[in-house]
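This report concerns only the one structure given below.
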Amino acid sequence: MTVRLGTLVAVVASSPSTAREVLQTHNGSLTGRSPPDAWLALGHAANSVFVLPPGRMWRALRRIGTEHLLSARQLDSTRLRPVLRDAVLDLVRRVSGMAAAGRPVEVGRAAFAAMMDLQWRAMFSAGLDDAAARALHDAAREAVALSLKPNVSDFFPALAAADLQGVRRRFARRVAMVYQMIDEQIERRMRKRPETGGGSSGEKDLLDVVLDISEQGKGDGVVIVNREVIRTFLTDIFLATVDTISSTIEWGMAELLQHPDAMSKVQEELRSVLGSKALVEHPDVDRLPYLRAAIRETLRLHPVVPLVPNEAEETVEIQGHAVPKGCTVLVNLWAVHRDAAAWPEPDWFMPERFLRRRPEEAGFLGTTEFEFIPFSAGRRVCLGLPLATRMVHAMLGSLLHHFEWALPGEVKENGVDMAESLGLTMIMATPLQAIAKSVR
Numbered sequence: 001m002t003v004r005l006g007t008l009v010a011v012v013a014s015s016p017s018t019a020r021e022v023l024q025t026h027n028g029s030l031t032g033r034s035p036p037d038a039w040l041a042l043g044h045a046a047n048s049v050f051v052l053p054p055g056r057m058w059r060a061l062r063r064i065g066t067e068h069l070l071s072a073r074q075l076d077s078t079r080l081r082p083v084l085r086d087a088v089l090d091l092v093r094r095v096s097g098m099a100a101a102g103r104p105v106e107v108g109r110a111a112f113a114a115m116m117d118l119q120w121r122a123m124f125s126a127g128l129d130d131a132a133a134r135a136l137h138d139a140a141r142e143a144v145a146l147s148l149k150p151n152v153s154d155f156f157p158a159l160a161a162a163d164l165q166g167v168r169r170r171f172a173r174r175v176a177m178v179y180q181m182i183d184e185q186i187e188r189r190m191r192k193r194p195e196t197g198g199g200s201s202g203e204k205d206l207l208d209v210v211l212d213i214s215e216q217g218k219g220d221g222v223v224i225v226n227r228e229v230i231r232t233f234l235t236d237i238f239l240a241t242v243d244t245i246s247s248t249i250e251w252g253m254a255e256l257l258q259h260p261d262a263m264s265k266v267q268e269e270l271r272s273v274l275g276s277k278a279l280v281e282h283p284d285v286d287r288l289p290y291l292r293a294a295i296r297e298t299l300r301l302h303p304v305v306p307l308v309p310n311e312a313e314e315t316v317e318i319q320g321h322a323v324p325k326g327c328t329v330l331v332n333l334w335a336v337h338r339d340a341a342a343w344p345e346p347d348w349f350m351p352e353r354f355l356r357r358r359p360e361e362a363g364f365l366g367t368t369e370f371e372f373i374p375f376s377a378g379r380r381v382c383l384g385l386p387l388a389t390r391m392v393h394a395m396l397g398s399l400l401h402h403f404e405w406a407l408p409g410e411v412k413e414n415g416v417d418m419a420e421s422l423g424l425t426m427i428m429a430t431p432l433q434a435i436a437k438s439v440r
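Take a look at the structure:
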């Protein structure tokens with residue numbers, strides 16, 4: 001399908017077979033990506049791993065992310081494993097405090113705050129004081145919301161300089177606050193490095209790694225990772241991973257609150273498998289098939305990024321039609337995941353459908369038939385996938401294990417507002433509020 005978005009023409013892939021052509025068959029020719037106008041603020045797009053063309057710098061940054069922070073090996077390391085567990089415990093404590101006070105829990109906000117602290121510790125081996133956490137929380141959430149906000153500048157590039165909606169200016173203010181806090185961490189670490197001989201004592205965090213690479217790259221032919229690149233890279237990793245995981249937890253809780261039978265099955269499974277154990281951890285997940293199925297069904301209905309943008313770097317043929325060089329190609333994961341031929345009763349929340357599928361047909365990396373690709377596929381598959389798979393299961397599972405959940409009276413009467421809002425990821429337009437009651 002071809003659509004016109006202002007002066008831009010885009011090809012939209014809305015079926016599993018077409019998605020496969022884009023993300024597999026022609027993936028080498030369709031890895032370009034034009035940045036949203038907001039990201040031109042402060043030169044963010046020029047160094048962003050999410051929109052850089054697939055050249056040396058893009059490959060180097062993805063390799064840094066996958067090898068030194070977001071790989072399964074790193075997440076299971078003695079440095080990061082306690083950080084991940086502490087984040088789950090932090091979330092449970094936040095909710096416990098609200099439950100004890102009789103206040104509704106804004107699920108997405110609580111998960112966002114816990115993930116924010118986790119990611120900061122993973123990158124910098126340092127926590128955030130209350131004032132810094134509040135400032136960063138507000139700046140990060142608005143920057144995320146503005147990232148892919150519908151913007152006339154994206155649809156009519158000739159008008160972009162005017163920034164008619166003020167999206168670029170607002171994004172600049174918010175991301176500048178994130179930059180400032182990251183710069184403070186960089187400056188602090190740079191002052192310490194001569195004392196430690198380059199790098200921190202013990203295991204290195206992500207900041208140590210990128211600073212090492214920056215120093216090694218001076219004049220020896222290695223891709224030079226300068227201060228601007230470091231700042232942008234850390235900002236990208238921080239915003240994307242925090243938002244991806246917190247929004248998925250919120251959608252999962254919303255679906256389960258509306259389907260109490262499914263919630264009961266998850267909680268019964270958790271009680272049976274965990275017993276008196278306090279938290280869900282990664283090794284537990286293989287013994288929690290219904291929790292896994294519920295999370296996969298959540299991601300089927302609410303993919304992290306519902307429209308995956310690609311740009312043709314050369315003319316290709318898709319489904320018998322020529323797609324010219326420079327054309328935008330959107331993979332509509334929302335539609336792919338609701339394809340009636342692949343998913344009977346596609347609009348219904350039914351975790352059982354994933355219990356009936358073979359393991360290779362229900363993985364987060366996507367299926368061979370491309371009817372389930374929640375984190376996209378191909379060369380630009382989501383960098384944060386290993387972290388997301390761990391933390392969504394651990395956080396949502398632990399919340400369901402620790403608390404009984406109910407909707408506030410007014411929401412129960414009117415129903416949960418499942419309207420969607422597109423930012424860096426697809427979030428709930430109306431934040432979910434729920435009543436938690438501690439059971440352990």
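Note that our numbering has the sequence shown beginning at 1, numbered continuously upward. Ideal placement from N, C-alpha and C gives every residue a C-beta, glycine not left out.
Query, Result
"Can you check whether the CB of Glu250 is closer than 8 Å to the CB of Gly108?", "yes"
"With 16 other CB atoms within 10 Å as the buried threshold, where does Met123 fall?", "buried"
"Could you compute how far the alpha carbon of Val175 sits from the alpha carbon of Arg188?", "20 Å"
"So the candidates are Pro408, Gly43, His259, Ser29; which of them puts its Cα closest to the Cα of Arg169?", "Gly43"
"Between the Cα of Asp417 and those of Asp208, Glu255, Pro16, Pro306, spot the shortest distance and give me the residue it belongs to.", "Glu255"
"In angstroms, rounded to a whole number, what distance separates the CA positions of Val229 and Ala131?", "27 Å"
"Compute the Euclidean distance between the alpha carbons of Arg121 and Thr78, then round it to the nearest angstrom.", "14 Å"
"Taking the C-alpha atoms as reference points, what is the distance between Ala446 and Arg287?", "The question about residue 446 has no answer here: the residues shown for the chain are numbered 1 through 440."
"DSSP puts Trp405 in a beta bridge; with which residues?", "Ala436"
"Taking only the alpha-carbon atoms, compute the straight-line gap between Leu211 and Ala429 and give it to the nearest angstrom.", "39 Å"
"With a Cβ-Cβ cutoff of 8 Å, do Glu297 and Met263 count as a contact?", "no"
"Exposed or buried, His321, counting other C-beta atoms within 10 Å across all chains shown (16 or more means buried)?", "exposed"
"Taking Ala145 and His282 to be in contact with their CB atoms under 8 Å, please state how far apart those CB atoms are, rounded to whole angstroms.", "So it is not a contact: roughly 30 Å between Cβ atoms."
"Nearest by alpha-carbon distance to Glu203: which of Gly423, Leu80, Ala406 is it?", "Leu80"
"To the nearest angstrom, how far is it from the Cα of Asp117 to the Cα of Ala87?", "7 Å"
"Going by beta-carbon coordinates alone, are Val304 and Pro374 separated by less than 8 Å?", "yes"
"Just list the residues that DSSP pairs Glu352 with in beta bridges.", "Partner(s): none; Glu352 has no beta bridge."
"Can you find the residues in the same chain that come closer than 6 Å, C-beta to C-beta, to Val266, ignoring five residues on each side of it along the sequence?", "Tyr290, Leu291, Ala294, Leu400"
"Would you report the Cα separation of Phe171 and Ser276, rounded to the nearest angstrom?", "45 Å"
"Look up Gly32 in the DSSP assignment and give the residues it is bridged to.", "Glu311"
"What is the rounded straight-line gap between the Cα of Ile64 and the Cα of Val411?", "44 Å"
"Consult DSSP for Met418 and reduce its assignment to one of helix, strand or coil.", "coil"
"Please state the DSSP three-state secondary structure of Glu142.", "helix"
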